[in-house]
Ligand SMILES: [Zn+2]
């Protein structure tokens, strides 16, 4: 076969969709490649099925991160990366969008190096088409102004919560970013409504998107931290021996220092992933001069992805409806008599700190509807903050800075290690490289008492019941009380010994 006829064969195959990369000739005959492709396809679709079957936030988060782990290192050879790329090129654009934040993330910058740009272009093309048909641009243009106030909260509080808000007052908060393809739209929308929000960034994402961090600050939003790599359920994992307490400290402190390092500024606020924390962790956060920033209304933006509701308009209407029900806090019963929403206490009704995520496209899609709902129904957006907001550095930042100067070390030595090629943070190798107790001597060391397998088993039971969290609310709170009692008794016994 002449090279000319090979070329024309390739172009025929390209038209037929059978050939899409330069390595065709060597790969198509390689049984090794075909075998690897089969494995990759199976692993990937298993991961997607597991995500789709998740019935609560923690489970969804856990499984999405598992898929991210797989896509970051799909296999031992370059062939594995090639097979993953080739497979992703064949999947539907909507599904591709669903894993878009994985494709964009540091975690896959090596494995998807050969196809990342093409995949992101496909996602962008899909988004543009959809926006054209749903007129997203005019949605943004039609965002109406909302009443807004910046409110200082008592400086002596350890935590920030809905208690700082009155009736018909809402605080908006966005976790897990920043992300290049979504965060800028959210900032545009907030600007159009004339309101400010709180952004709880991951250290890793802040360092990869420094310009966006600068924009968040310039536009007057709160910039807090949310760990370095978003280790989930940290209190539960420490209790059950899945991670060490030092790993929690490393996640929290490196996350805060990481966000600080992006633009030499961070507000003294920290938010626990999943809100999962114990009293030792909360005490340490306080000792570092940080406030524990909570939420009481979950918009469920993370849940209603294209994988759960494929229709664009139905998806954003569902998120809007869920947001409104969460905010109202009234009891809602469906037409079969099941309670979908339990009634909230009067002090939590029709107000709240709302949790969103600036890394999901469905959040971008729905935010114009949510902002206009607030504008048209007499709500006020309030930015709760402390007196030293934008004025002084928190203890943890001050101490990290002093330590670095006196020991002649750089910021990178406090952050998690990077991989050998220096491209990504190696979260699997996450461990403290400095002794945080000598760096920050005010930190109280926890008296770690092994809680025993029964507590871990009860926690697993709680997670299973959260599949129908609203219907199982009574049983969940009974188990949580039992868990707390068991831990308290064990801790008391341990200190008596
Ligand atoms: Zn989060």
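Numbering (this note's numbering), first residue to last: 86 to 582.
The beta-carbon is built from N, C-alpha and C at its ideal position, and this holds for glycine as well.
Since this is a predicted model, take the numbers as computed values, not measurements.
- Taken through DSSP and simplified to helix, strand or coil, residue 382 comes out as strand.
- Membership of residue 310 in the beta strand (DSSP E) is indicated by the continuous run 307-310.
- Taking the Cα of residue 266 as reference, the smallest distance to any Cα among 498, 467, 444, 558 is reached at 444.
- Assignment of residue 394 by DSSP, reduced to helix, strand and coil, places it in the coil class.
- The three-state reading of DSSP puts residue 333 in helix, counting H, G and I together.
- Taking the Cα of residue 548 as reference, the smallest distance to any Cα among 120, 158, 190, 147 is reached at 147.
- If you ignore the 5 residues before and after residue 417, its C-beta comes within less than 8 Å of the C-beta of 410, 424, 425, 426, all in its own chain and listed in chain order.
- For residue 373, there is no enclosing alpha helix (DSSP H), as DSSP gives it neither H nor E.
- According to the DSSP assignment, residue 293 belongs to the alpha helix (DSSP H) that extends over 288-293.
- Using a Cβ distance threshold of 8 Å, residue 279 and residue 436 do not count as a contacting pair.
- Nearest in C-alpha terms to residue 307, of all of 345, 191, 317, 480, is 345.
- At least one heavy atom of ligand 1 falls within 7 Å of the beta-carbon of residue 311.
- Remark: C-beta atoms of residue 119 and residue 281 do not approach each other more closely than 8 Å.
- Secondary structure of residue 468 (DSSP, three-state): strand.
- Taking C-alpha positions only, residue 480 is separated from residue 532 by approximately 23 Å.
- Closer than 7 Å to some heavy atom of ligand 1: that describes the Cβ of residue 315.
- A Cβ closer than 5 Å to some heavy atom of ligand 1 marks a residue here, and those residues are 260, 261, 358.
- In the structure shown, residue 570 falls within a helical segment according to DSSP collapsed to helix, strand and coil.
- A check of alpha carbon separations from residue 471 across 228, 133, 246 identifies 246 as the nearest.
- Around the C-beta of residue 313, 16 or more other C-beta atoms lie within 10 Å, and the residue is accordingly described as buried.
- Under the DSSP definition of a beta bridge, residue 442 partners with 260.
- In the structure shown, residue 198 adopts coil according to DSSP, grouped into three states.
- One alpha carbon belongs to residue 214, the other to residue 527, and they sit about 55 Å apart.
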